[in-house]
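Only one structure is covered here, and it is reproduced in the block below.
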Amino acid sequence: MKNLLIYLLLCILAIIIVVIMDLLTGMSLSLSFQSISAVFSVTNIPLLIFMISILILPFIIVITTSLKKRIHQHK
């Protein structure tokens with residue numbers, strides 16, 4: 001669970017850094033978020049599937065380890 005929290009914090013930190021860099025270069029906040037969303041709108045399907053799988057992977061790991069712990073506790 002700690003790994004998942006660290007993963008989420010690093011994702012949030014990366015988004016904050018990107019937005020701050022855009023704001024420092026003179027872009028507005030709405031234009032900064034629009035440029036972030038534009039990256040995802042122009043990607044092709046295989047790359048989008050890969051990016052989503054990389055984002056979901058830490059959650060899958062946490063869920064499977066917790067299920068394994070519950071199975072071992074009941075035995």
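The sequence shown begins at 1 in full-length UniProt numbering and counts up by one.
For glycine and all other residues, C-beta sits at the position ideal for the given N, C-alpha and C.
For residue 4 and residue 54, the rounded distance between their alpha carbons: 13 Å
In chain order, what residues of the same chain lie with their CB nearer than 6 Å to the CB of residue 67, ignoring the 5 residues before and after it? none
State the Cα-Cα distance for the pair residue 35 and residue 6, rounded to the nearest angstrom. 25 Å
To the nearest angstrom, how far is the alpha carbon of residue 73 from that of residue 62? 17 Å
So, helix, strand or coil for residue 21, using DSSP? helix
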